[in-house]
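Novice:
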Amino acid sequence: MTLERRKFIQMTAMGLATVMSGISLPTLAKQKQIQPLGPGTRPLSITMPTPDGKYQFLVDGKKQVISITGEKGNLQIPDHSCIIEYTGEDGTTELSVYIDHETTGSYLHPGMPTKDVEAELEWDAVLLGNPIRGGKVVASITGPANTTPEVEIFDIRGNTLIKEKVTKSNTTDQFTFDVQPYAKGMLLVKVSCEEFTKTLKVMHGN
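Note that our numbering has the sequence shown beginning at 32, numbered continuously upward.
Pasting the structure below:
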């Protein structure tokens, strides 16, 4: 048992739930070319000396389940300062970390792996309304939160009309696409992310 791990166990036994945070690591973030998942959010590179696996965090009260590999992982956090909460490796100590709005990376004490299956939630996509009215295609996409599926809309000849990455913040989100400028007729809507791909047909009516 390393000296650092022995010290951590002593700290948790005393009920101390404060962890070291606020370490700015702009160089590391730049090397990994981490990109924000959507408006109002930014990436946070974390280092946690813990076995590879899935870990659950609360970022300003919202749950994220991420993979830690080689003691490294990435959280998606708001642009403003926030609080990250998680369970220590002893399974009982609740740890919290204050993240300043300029922080790009943080070192965390070891956490407890989770059996939460949110990150493995099955993907699906459906269209709301067929034929569509008012030139609006509404796609309801189910899958893990904090992911960026791609939506591509084609005409019947295979021409791409719209191609956009959308940001999911919930298990199921709805996204609206304006196809009013395009000719009426059958459209194909392709939703894809990671290993998931689904193509749906919709009639662009009046």
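Note that the Cβ used here is the ideal one computed from N, Cα and C, for glycine as well.
Taking the beta carbon of N177 as the centre, do at least 16 other beta carbons fall within 10 Å, making it buried, or is it exposed?
Specialist: Flag for N177 reads buried.
Novice: Quick check on the DSSP output: the beta strand (DSSP E) that includes Y129 runs from which residue to which?
Specialist: Element bounds for Y129: 125 to 130.
Novice: Between F208, L106, T78, which has its C-alpha nearest L89's C-alpha?
Specialist: Among F208, L106, T78, the Cα nearest to that of L89 belongs to L106.
Novice: Taking 7 Å as the limit between beta carbons, can you name the residues of its chain near I99, skipping five residues before and five after?
Specialist: So the list reads M79, T81, D83, G84, Y86, once near-sequence residues are dropped.
Novice: Can you tell me which of T124, S112, L158 puts its alpha carbon nearest to the alpha carbon of G136?
Specialist: With distances taken between Cα atoms, G136 lies closest to S112.
Novice: Can the beta-carbon of V96 be found less than 8 Å from the beta-carbon of I163?
Specialist: No, these two residues do not count as a Cβ contact at 8 Å.
Novice: Taking the alpha-carbon positions, what's the A214 to P180 distance?
Specialist: Distance between the alpha carbons of A214 and P180 is about 26 Å.
Novice: By alpha-carbon positions, which one of P144, V157, D131 ends up nearest to G174?
Specialist: The option with the nearest alpha carbon to G174 is V157.
Novice: Would you say T78 faces chain D, with C-beta separation under 8 Å as the test?
Specialist: Among the chains of the structure shown, chain D does not appear; only one protein chain is present.
Novice: Using the three-state DSSP reduction, which class does N190 fall into: helix, strand or coil?
Specialist: Of the three classes helix, strand and coil, the one that applies to N190 here is coil, per DSSP.
Novice: Kindly list the residues whose CB is nearer than 6 Å to the CB of T228, restricted to its own chain and excluding five residues on each side of it in sequence; keep chain order.
Specialist: Excluding sequence neighbours, T228 sits near nothing in its chain.
Novice: May I ask you to report which of helix, strand or coil DSSP gives S112?
Specialist: Looking at S112 - three-state DSSP - the assignment turns out to be coil, as it is neither helix nor strand.
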